[in-house]
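**Student:** Before I ask anything, let me first share the structure, which is written out below as structure tokens.
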Amino acid sequence: MTFHQPSGIAQGLPLLIDANWTPAQAWAVIELLDDLRDRLHAHYQLALAQWLAEDRQEHPDGLGDLADNDF
């Protein structure tokens, strides 16, 4: 079965995740990713808001840079 990423990215470096992680180990990774997202958002909040607003103005159909997955 093929797993499709939410980002739509279909190529790049493979990421192998140990199939034998404990639930606690998996949860620790989820928390790390949440913290990373929060830090990125806090640091780039204004720039991201401007970029998203520009993308929406240029592509009101929703098929702009975000759909291109080239960021």
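Quick note, the sequence shown lines up with residues 508 to 578 if you use this note's numbering.
Idealized CB from N, CA, C, for every residue including glycine.
Does the Cβ-Cβ distance between residue 555 and residue 566 come in under 9 Å?
**Tutor:** Residue numbering aside, residue 555 sits at position 48 when the sequence shown is read from its first letter. Residue numbering aside, residue 566 sits at position 59 when the sequence shown is read from its first letter. No, the Cβ-Cβ distance between residue 555 and residue 566 is not below 9 Å.
**Student:** If you draw a straight line from the alpha carbon of residue 522 to that of residue 557, how long is it in whole angstroms?
**Tutor:** Locating residue 522 in the sequence shown gives position 15, where the first residue counts as 1. Locating residue 557 in the sequence shown gives position 50, where the first residue counts as 1. If I take the Cα positions, the gap works out to 31 Å.
**Student:** Does DSSP classify residue 530 as helix, strand or coil?
**Tutor:** Against the sequence shown, residue 530 aligns to sequence position 23. Helix.
**Student:** What is the DSSP secondary structure of residue 525, counted as helix, strand or coil?
**Tutor:** For the purposes of this step, residue 525 is identified with residue 18 of the sequence shown, where counting begins at 1. In the structure shown, residue 525 sits in coil (DSSP, three-state: anything other than H, G, I, E or B).
**Student:** Between residue 562 and residue 568, what straight-line distance do the alpha-carbon atoms span, to the nearest angstrom?
**Tutor:** For the purposes of this step, residue 562 is identified with residue 55 of the sequence shown, where counting begins at 1. For the purposes of this step, residue 568 is identified with residue 61 of the sequence shown, where counting begins at 1. Cα-Cα distance, rounded: 10 Å.
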